[in-house]
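Read the structure below first, then the notes.
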Amino acid sequence: MSQFVKNFLTVVVGLFLLAMVLSNLIKPETKPEEVNIGTFITQIKEGKIATIDVKPESYEYTLVAEEPKEGEEIATSTQEVALIYKVEKEVQETFGEVLDHYDIDPASISSIAIEVKRDRGFLFWLVNIGPWLFPIFLLVVLLIYFSRSVQGANSKAMGFGQSMAREVLPGKDEKDLITFKNVAGNEEPKEELEEIVDFLKDPKKFADAGAKIPRGVLLMGAPGTGKTLLARAVAGEANVPFLHISGSEFVEMFVGVGASRVRDLFRRAQKLAPAIIFVDEIDAVGRRRGAGLGGSHDEREQTLNQILVEMDGFDPNSGVIVIAATNRPDVLDPALLRPGRFDRRVTLNLPDIKARQEILGIHAKGKKMDKDVKMREIAERTPGFSGADLANLLNEAAILSVRKKAKKITKLHIMSSIEKVLLGPERKSRIFSDRERKLTAFHEAGHALVANKLEHSDPVRKVSIISRGHAGGYTLKMPTEDKNYQTRAQFLDDLAVAMGGYVAEKMIFGKEFVTTGPSSDLRTATKIARRIVTEFGMSFELGPRTFGSSDEMIFLGREMTQNRDYSEKLSEKIDAEVSKFLEEAENRAEDVLVSNKQILVDIAETLLTHETLEQADFEKIVAGEKLEEPKKETKKKDEKEIAAPSARNDETTTEGEIEEILGSSDEKKEDESKKTTEEEIEKALESEEKKNEEEKTAE
């Protein structure tokens, strides 16, 4: 709605309200004296009435002035000459009907001045003008309401062509101001972007030198590496307006909306220059153009074309710089990446151990940390974590400390949060039988022992038989330092470690009693073996070459399609090599476990009593040391657990009986567990000896 129309409607409504107010204020100078209808009729018949004003709701009349007596003054004012009298009447009754009803002779009113008047008060305006003015007024109100509502943040009916970018202006929200000090790690990307900051602060310096600052900077990296944070840090350092928008917000269902929004975005940036435009997930609108099903006039392509024109068309010294972020640089249109548009590309990698330590220090500010928390140790435990993962980690630790009613965040809270992020929450309600617990203990002991004995495997940080996520137990092994490359020997050791749980189950419980537990380990081992052969060219049999070209999602780690560029004969050889690697890994794991069987048993038995072993305790057991027995639960708690089922069966148990039951049950459980474990181990050893003897006789 135009401003002229708004002003015109405002004037009309104002005049209408003013007229109604004035009509109420302007009243007759004298207030009529009310009389009844009988007096009125009598005075008409007697000829005392001089004038009658017929109104819609009443009769107002004046009397004939009487002649003054001797000695009296002659009245001069209208009010003194004749008083006004008022008679209420029936609204639908006319004056002629009143005369007929009361048998008044028409000759008696011939001398009376009769005048019909209409009321000009509020009721007159309401009755006469209201019926046609009210609908117009209501229509105007509705138009104003809808015009404002559709222009709101939740509606796009009237603002399709307007950019949806949010503005962050300098000088506002100083508490939320982000600079390079808030960005840990990524030293090389920060150096690249410092030139952008210098240009925004002093563009004349570059212009005098004949240099042209890059018009666009493309930030590439895995999710959570800090692309958006780095872009906001550039705006904070340069202290300039920051307009940020997602690539998906350009395109709508209506044709031409995306291009219009691009124009509006750059128009706004020009007004705020020097400024930064940040487009997050630009691959949503900047994908490679092609005919496809939508033809060459696809709405997304029109939007992309407008971006290309705007980036190439605006003045290079206008002070507007475009920063975009994406996880998929491989799908972007080549015209978008050519010099003159996004001509500078900055890759953000996952933080190394030093950067992780710095990131943890930044996110630890404002949190109450215990003295035992060492950021270096946490950084060692979190390889492969992005900056967002580390922020989430400390937040989970803070939540856990509140849940545990602790005053500070301890090392235990953080370590538990790491396991929760990696494996999922603990499933304490998941109940295992004694046999399943033993099987899980030997399975995890097999993984841990093989990892400990192999030279090129990462050190074991923790072993547990507590269920987390989908796993019945877990073995955490972490490198002491970040690795940029992995050797063939490390791959082979990882294969053997993955097979360790399966081999331990088979060795202790027999081939026929291997469970479905190792299925995920076997799947992981098969994937590693296939990558060794097909991707890394580490098979001596097939030689240093790769097999198959994969279409991968850059920085997202997902393989979309696999194109075979080899024959069926080579496919058979690849399968044979994969099987060979897996068989060799199984044999290596078996050699380690057979030669260290007693250590395997010690680890499993300790896991059954302690449930979780940290790195120091695990290394003690491998060295032949014994750990202290864990503290048993208090008697009161055991009494409740035993008294509860007896109460459900409507039975009573004395305190002496409870103590006897507790003592006997604990002793029986310990004796039975020791007997069953020793018997199973002896049987396994005997079966292995028989197998070895049979193999020797067969040879």
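Position 634 of the sequence shown, counted from 1, bears residue number 633 in numbering that gives the first Met the number 0, the numbering being contiguous throughout.
The beta carbon of each residue, even a glycine, is placed where N, CA and C say it ideally should be.
Assumed close pair residue i, residue j - CB separation to whole angstroms, cut-off 8 Å
{"i": "ARG460", "j": "GLN614", "result": "5 Å"}
{"i": "ALA503", "j": "PHE441", "result": "5 Å"}
{"i": "LEU422", "j": "ALA470", "result": "6 Å"}
{"i": "LEU264", "j": "ILE281", "result": "Actually they are not in contact, since the Cβ atoms of LEU264 and ILE281 sit about 13 Å apart, beyond 8 Å."}
{"i": "ALA323", "j": "LEU218", "result": "7 Å"}
{"i": "ILE177", "j": "ALA232", "result": "5 Å"}
{"i": "ALA444", "j": "ALA603", "result": "4 Å"}
{"i": "LEU393", "j": "LYS366", "result": "6 Å"}
{"i": "LYS116", "j": "VAL63", "result": "Not really, about 20 Å apart at Cβ, beyond 8 Å."}
{"i": "LEU82", "j": "GLU32", "result": "6 Å"}
{"i": "SER385", "j": "ARG426", "result": "Contact doesn't hold; Cβ gap of about 26 Å is too wide."}
{"i": "GLY318", "j": "PRO202", "result": "6 Å"}
Beta-carbon gap between residue i and residue j smaller than 8 Å
{"i": "ASN439", "j": "GLY472", "result": "Per the sequence shown, the amino acid found at residue 439 is Thr instead of Asn. Yes, the Cβ-Cβ distance between THR439 and GLY472 is below 8 Å."}
{"i": "GLU236", "j": "PHE198", "result": "no"}
{"i": "ALA495", "j": "LEU581", "result": "no"}
{"i": "LYS407", "j": "MET374", "result": "no"}
{"i": "LYS476", "j": "ASP457", "result": "yes"}
{"i": "VAL577", "j": "ARG544", "result": "no"}
{"i": "ARG299", "j": "VAL278", "result": "no"}
{"i": "ALA183", "j": "ILE377", "result": "no"}
{"i": "ALA221", "j": "LEU142", "result": "no"}
{"i": "ILE43", "j": "SER107", "result": "yes"}
{"i": "ASP342", "j": "GLY209", "result": "no"}
{"i": "PHE617", "j": "VAL462", "result": "yes"}
{"i": "SER57", "j": "LYS30", "result": "no"}
{"i": "LEU132", "j": "PHE15", "result": "yes"}
{"i": "ILE527", "j": "ASP493", "result": "yes"}
{"i": "PRO629", "j": "THR611", "result": "no"}
{"i": "ILE430", "j": "THR381", "result": "no"}
{"i": "LEU592", "j": "THR605", "result": "no"}
{"i": "ASN595", "j": "LYS482", "result": "no"}
{"i": "LEU541", "j": "VAL345", "result": "no"}
{"i": "THR409", "j": "ASP371", "result": "yes"}
{"i": "GLY500", "j": "PRO478", "result": "no"}
{"i": "VAL12", "j": "PHE136", "result": "yes"}
{"i": "LYS419", "j": "GLU395", "result": "yes"}
{"i": "ALA49", "j": "THR41", "result": "no"}
Strand pairing of residue i, partner residues [DSSP]
{"i": "SER57", "result": "GLU87"}
{"i": "GLY215", "result": "VAL321"}
{"i": "ASP52", "result": "GLU59, GLU114"}
{"i": "GLU585", "result": "Paired residue(s): none; GLU585 is not in a bridge."}
{"i": "ILE275", "result": "PHE241, ILE320"}
{"i": "THR611", "result": "SER463"}
{"i": "GLY220", "result": "LEU347"}
{"i": "VAL167", "result": "PHE241"}
{"i": "LEU331", "result": "ARG286"}
Counted within 10 angstroms of its Cβ, other Cβ atoms place residue i as buried (16 or more) or exposed
{"i": "ASN586", "result": "exposed"}
{"i": "LYS226", "result": "buried"}
{"i": "ALA274", "result": "buried"}
{"i": "GLU224", "result": "Here residue 224 is Thr; the residue named in the question, Glu, does not match the sequence. By the 10 Å Cβ count, THR224 comes out buried."}
{"i": "GLN301", "result": "buried"}
{"i": "GLY360", "result": "exposed"}
{"i": "VAL140", "result": "exposed"}
{"i": "ASP388", "result": "buried"}
{"i": "VAL401", "result": "exposed"}
{"i": "PRO188", "result": "buried"}
{"i": "PHE508", "result": "buried"}
{"i": "ASN35", "result": "exposed"}
{"i": "HIS446", "result": "buried"}
{"i": "ARG340", "result": "buried"}
{"i": "ARG287", "result": "exposed"}
{"i": "THR75", "result": "Because THR75 sits at a pLDDT of 39, beneath the cut-off of 50, its placement in the model cannot be relied upon, and the point is left open."}
{"i": "PRO328", "result": "buried"}
{"i": "LYS99", "result": "Per the sequence shown, residue 99 should be read as Asp rather than Lys. It counts as exposed."}
Residue i: CB within 7 Å of a non-hydrogen atom of the ligand PLP
{"i": "VAL420", "result": "What this structure holds is no ligand at all, so the ligand PLP is not there to describe."}
If you scan the region 405-491 from start to end, which runs of the beta strand (DSSP E) of 3 or more residues do you find wholly inside it? Runs of the beta strand (DSSP E) spanning 3 or more residues and lying entirely within the region 405-491 occur at 459-463, 473-476, in chain order.
Contiguous beta strand (DSSP E) assignments of at least 3 residues, all confined to the region 333-383: 343-347
Runs of 4 residues minimum, wholly inside the region 173-209: which ones carry the alpha helix (DSSP H) assignment? 186-200, 202-207
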